[in-house]
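Here is the structure we will look at, set down as structure tokens.
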Amino acid sequence: MTRLVKKDIESIDSNLNHLDQRLRESTGHSLLEIGAFAMSKELPLRQTKVAVVPITTGLGIIDGFSEKVKEILIHLGTDAFTTTKTDIGGIQEAFDHQAAIVFMADDDVFSAFHLHKRSYSDNGAATGRGFAAALYLAAEQNAAMEVLVLGAGPVGQAAIEFLLEKNVQIVLAECDKPKAAQCQKKYPEIKLADDWAARHYQYILDATPAANLIKTKNVTDETIISAPGVPLGVAAEAAENADRIIHNLLELGVATMLCAVS
Ligand code: PYL
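Start counting the sequence shown at 95; every next residue gets the next number (the working numbering).
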């Protein structure tokens, strides 16, 4: 998972209503609706107290990260706050303020913990499901669709799991051949692509951390790409030629995490 930096956080639209509008145009649904659909949860969420705890371990705090996660959670209808203390003190503060859910991230894992239900949601798994749900909704829940999934990491595998639940045909492209074989062993229904660029796929889920992987020759004006990967894996010209690109750095992952634990 690529580590975000301050400028990534600053690039996130502070007006999350704009994102809802863009998602409605490309999928027919809002951020919260997609997250709930990804996790088969009912809406609306009751006003839930949610704490976001800054974590200083490893490479430390990312300026604006906790604040942005809080803003997204408030937009989703929760009573969210960032703790003034970090790390263990921040977790205590979450308890002191009767938070039901705690969001926190170190360099390797970003998780949401529900303190009463004893459940958690990992950002990688949630992001895969959220972006797969967005692609499926953008295709108007077309069960006959075939999706090219690029990358068999945690995000790609979670996306595959969601799409298999919808009986969608999946072609996986993973450059690490042992990883690809292990994934096909886990999900026997999927096909492996030796050379995914040899043909067009109308629906692509890019779960790789590679930039500009998807080029103009890979897309047509009907191609819909759902791209949770950081940085965006679609070359600028390809993005112009495609029908739709669904991409955001944190918002859909956070929405799906919230729905997963609620
Ligand atoms: C969760 C993001 C999505 C993409 N990459 C992941 C990332 O950047 N993880 C690191 C998050 C570190 C947060 C830091 C803080 O400010 O609390 N520990």
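Every residue gets a Cβ at the ideal spot worked out from N, C-alpha and C, and that includes glycine.
Everything numeric in this text was worked out from a predicted model, so none of it was measured.
Note to self: My output table needs one value for ARG293: the three-state DSSP class, helix, strand or coil.
What the structure shows: Taking the first residue of the sequence shown as position 1, residue 293 is located at position 199. DSSP places ARG293 in coil when its eight states are reduced to three.
Notebook entry, point to check: With respect to 7 Å, is the separation between the Cβ of LEU344 and the closest non-hydrogen atom of the ligand PYL below this value?
Noted result: As a position in the sequence shown, residue 344 is number 250, starting the count at 1. Because some heavy atom of the ligand PYL lies under 7 Å away, the Cβ of LEU344 counts as near it: yes.
Note to self: Taking 6 Å as the limit between beta carbons, can you name the residues of its chain near THR310, skipping five residues before and five after?
What the structure shows: Mapped onto the sequence shown, residue 310 falls at position 216. Within its own chain, the residues whose Cβ lies closer than 6 Å to the Cβ of THR310, once the five positions on either side in sequence are excluded, are GLU331, ALA332 and ASN335, listed in chain order.
Check: Which one or two residues does DSSP pair with PHE197 in a beta bridge?
Finding: Within the sequence shown, the letter at position 103 stands for residue 197. BP columns for PHE197 point to VAL146 and ALA206.
Next item on the list: Could you spell out the range, first to last residue, of the alpha helix (DSSP H) harbouring ALA118?
Entry: The count along the sequence shown starts at 1 and reaches residue 118 at position 24. As written in the sequence, residue 118 is Arg, which differs from the Ala given in the question. Run containing ARG118: 110–121, per the alpha helix (DSSP H) assignment.
Next item on the list: Label CYS353 either buried or exposed according to how many other C-beta atoms from any shown protein chain fall within 10 Å of its C-beta, with 16 as the threshold for buried.
Entry: Here the question's residue 353 lines up with position 259 in the sequence shown. Burial call: buried.
Notebook entry, point to check: Comparing the CB of ALA305 with every heavy atom of the ligand PYL, is any distance shorter than 7 Å?
Noted result: On the sequence shown, position 211 is the one that residue 305 refers to. Outside the cutoff, so no.
Next item on the list: State the DSSP-derived secondary structure class of ASP300, mapped to helix, strand or coil.
Entry: Against the sequence shown, residue 300 aligns to sequence position 206. Strand.
Notebook entry, point to check: Helix or strand or just coil, what does DSSP make of ILE339?
Noted result: Reading the sequence shown from its first residue, position 245 is the one you call residue 339. Residue state, collapsed to three classes: strand.
Checklist line | TYR230 - DSSP class collapsed to helix/strand/coil | finding: Walking along the sequence shown from the start, residue 230 turns up at place 136. Collapsing the DSSP output to three states places TYR230 in a helix.
Next item on the list: Run the CB neighbour count on LYS280, radius 10 Å, all protein chains shown included, and call it buried at 16 or more, exposed below.
Entry: Working through the sequence shown from its first residue, we reach residue 280 at position 186. Classified as exposed, LYS280 has fewer than 16 neighbouring CB atoms from the shown chains inside 10 Å of its CB.
Item checked: Anticipated Cβ contact below 8 Å, ALA287 with ALA267, distance rounded -> The residue given as residue 287 occupies position 193 in the sequence shown. The residue given as residue 267 occupies position 173 in the sequence shown. Right, their Cβ atoms sit about 4 Å apart.
Margin query: Looking at ILE284: is its Cβ nearer than 8 Å to the Cβ of GLN278?
Written below: Numbered from its first residue, the sequence shown carries residue 284 at position 190. Numbered from its first residue, the sequence shown carries residue 278 at position 184. Going by C-beta atoms, ILE284 is nearer than 8 Å to GLN278.
Next item on the list: Tell me whether VAL241 counts as near the ligand PYL, meaning its Cβ is closer than 7 Å to at least one heavy atom of that ligand.
Entry: By one-based count along the sequence shown, residue 241 stands at place 147. Flag unset: Cβ of VAL241 not near the ligand PYL.
Next item on the list: Would you list the residues sitting across from VAL241 in a DSSP beta bridge?
Entry: Along the sequence shown, read from residue 1 onward, the residue named residue 241 stands at position 147. Beta-bridge pairing links VAL241 to ILE264 and TYR297.
Note to self: In the DSSP assignment, the beta strand (DSSP E) including THR176 goes from what residue to what residue?
What the structure shows: By 1-based counting over the sequence shown, the position of residue 176 is 82. Counting along the chain, the beta strand (DSSP E) containing THR176 begins and ends at 173–176.
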